[in-house]
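Q: Could you have a look at this structure, given as structure tokens, before my questions?
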Amino acid sequence: MFHEYKNIVENGDLVVVYSTPETMTTMTVSEGQIFNNRFGSFRHSDMVGLKYGSKIQSHTGRGFVYLLHPTPALWTQVVPHRTQILYLPDISFISLYLNLMPGKIVIESGTGSGS
């Protein structure tokens with residue numbers, strides 16, 4: 027995904043669809059398909075052959091999106107960020123299960139999405 031950079035969108039490519047910073051998403055370009063969002067309908071066949079970074083108009087001409095090449099920086103923005111909230115009963119159970127006591131060293135590294 028990030029290992030090779032191409033200039034032209036091809037059928038089967040993963041692209042980042044940018045409409046606003048809050049509504050970026052990813053999709054795989056597949057001829058015959060249509061991408062719909064609040065800005066309009068966008069035919070995948072119209073995307074094939076365009077340069078990455080191109081602005082594409084919706085079918086009605088009212089809205090537009092940009093087709094961006096996926097990069098690690100963009101990927102961290104479009105991947106859903108799910109969090110796990112630990113409450114006191116959870117923390118107590120984990121501490122008991124790990125046999126934690128005063129004086130023991132605990133290293134917390136995190137296992138989140140990294141973004």
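The sequence shown begins at 27 in the numbering used here and counts up one residue at a time. Positions of the beta carbon are idealized from the N, C-alpha and C atoms, including for glycine.
1) Please report the distance separating the alpha-carbon of SER141 from that of GLU134.
2) Which residue or residues does DSSP assign as beta-bridge partners of VAL41?
3) So for SER141, helix, strand or coil by DSSP?
4) Taking the alpha-carbon positions, what's the VAL74 to LYS81 distance?
5) Report the rounded CA-to-CA distance for THR51 versus PHE61, giving the unit in angstroms.
A: The short version:
1) Low confidence applies to SER141: its pLDDT is 49, below 50, so where it sits in the model is not reliable enough to give any reading.
2) DSSP, once it has assigned bridges, lists MET53 as partnering VAL41.
3) Since pLDDT at SER141 reaches only 49, below the 50 mark, its modelled position is unreliable, and the value read off the structure follows with that caveat. It is coil, neither helix nor strand.
4) 13 Å
5) 11 Å
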